[in-house]
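A.B. asks:
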Amino acid sequence: MKKQTVSKEVPLAEITLRKYEKPYNLKERDLIKKLCLSIGLLQPGDSRDVVVDVFHVLLKNDNLTSAEVEEKVIAARKTQKLPPVGIASSNIRRHLKRLKNLFLIENKGSSYRITENAKLSEIFTEKIEQYYLKTISERVKEYFEALDKE
Numbered sequence: 014m015k016k017q018t019v020s021k022e023v024p025l026a027e028i029t030l031r032k033y034e035k036p037y038n039l040k041e042r043d044l045i046k047k048l049c050l051s052i053g054l055l056q057p058g059d060s061r062d063v064v065v066d067v068f069h070v071l072l073k074n075d076n077l078t079s080a081e082v083e084e085k086v087i088a089a090r091k092t093q094k095l096p097p098v099g100i101a102s103s104n105i106r107r108h109l110k111r112l113k114n115l116f117l118i119e120n121k122g123s124s125y126r127i128t129e130n131a132k133l134s135e136i137f138t139e140k141i142e143q144y145y146l147k148t149i150s151e152r153v154k155e156y157f158e159a160l161d162k163e
């Protein structure tokens, strides 16, 4: 019997946006966690939140290699008495790639930093809202228009 092939649709780009309560009286790590939840870097109820620490480390430090990010993430999680889950170097590199794919960080050579050392609100406006989100919504609109013609 022939095995049935399932078509797998691979998106060219994707972003998840969630709306939470306004950011009042949150500690810095909790604020970063809400941002990560808001932009789909973290799933609600997810206990593996190392991406929060990776992003936090990069917000506090400039031009770090992935090994330095890993060291600082491990130290930060120890300081905050968080379990050492998800701190493998391969996982740290995966989170760096995810942050880079959302234009939040960039790498120069082997070092990582916040994109153009800009403010996060500027990065959101210029890279995510005006470019990334715009191109995605324009393509989705094309699908709606194509169906209108059917």
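Every number in this note's numbering is 13 more than the matching position in the sequence shown, counting from 1.
The C-beta atom is built at its ideal place from N, Cα and C for all residues, glycine as well.
Just how far apart, CA to CA, sit K8 and A89?
C.D. replies: This structure does not reach residue 8, given that the chain is present from 14 up to 163, and the question cannot be answered.
A.B. asks: Classify P83: buried if its beta carbon has 16 or more other beta carbons within 10 angstroms, exposed otherwise.
C.D. replies: One point to set straight first is that residue 83 is Glu, not Pro, in the sequence displayed. That one is buried.
A.B. asks: Cβ atoms of G99 and V65: under 7 Å apart, would you say?
C.D. replies: Their beta carbons are not under 7 Å apart, which means V65 does not touch G99 by this criterion.
A.B. asks: State the CB to CB distance for the pair L71 and I52, rounded to an integer number of angstroms; the pair is presumed to be in contact (CB under 8 Å).
C.D. replies: Contact flag wrong, Cβ pair sits at about 15 Å.
A.B. asks: In the DSSP output, which residue or residues are listed as bridge partners for E119?
C.D. replies: Answer is R126.
A.B. asks: Using the C-alpha atoms, what's the distance from K154 back to Q143?
C.D. replies: Approximately 16 Å, taken between the alpha carbons.
A.B. asks: Where do the N-terminal and C-terminal ends of the alpha helix (DSSP H) with S137 fall, by residue?
C.D. replies: Looking at the sequence shown, residue 137 is not Ser but Phe. Here F137 belongs to no alpha helix (DSSP H), and DSSP marks it neither H nor E.
A.B. asks: Verify whether the separation of the beta carbon atoms of D26 and I149 is less than 7 Å.
C.D. replies: The sequence as given places Ala at residue 26; Asp does not occur at that position. Going by C-beta atoms, A26 is nearer than 7 Å to I149.
A.B. asks: Classify T92 as helix, strand or coil using the three-state DSSP reduction.
C.D. replies: Helix at T92.
A.B. asks: Quick check on T29: does DSSP put it in helix, strand or coil?
C.D. replies: Looking at T29 - three-state DSSP - the assignment turns out to be coil, as it is neither helix nor strand.
A.B. asks: Counting only C-beta atoms, is K121 closer than 7 Å to chain C at any point?
C.D. replies: The structure shown contains no chain C; it is built from a single protein chain.
A.B. asks: Cα separation between N130 and R111?
C.D. replies: Looking at the two C-alpha atoms, the distance is approximately 18 Å.
A.B. asks: Measure the C-alpha to C-alpha separation of S60 and H69 and round it to an integer number of angstroms.
C.D. replies: The alpha-carbon atoms of S60 and H69 are separated by roughly 17 Å.
A.B. asks: Just grab the DSSP bridge partners of L77 for me.
C.D. replies: Answer by DSSP bridge pairing, in chain order: Y125.
A.B. asks: Classify S79 as buried or exposed, calling it buried when 16 or more other Cβ atoms lie within 10 Å of its own Cβ.
C.D. replies: Buried, because 16 or more other Cβ atoms sit within 10 Å of the Cβ of S79.
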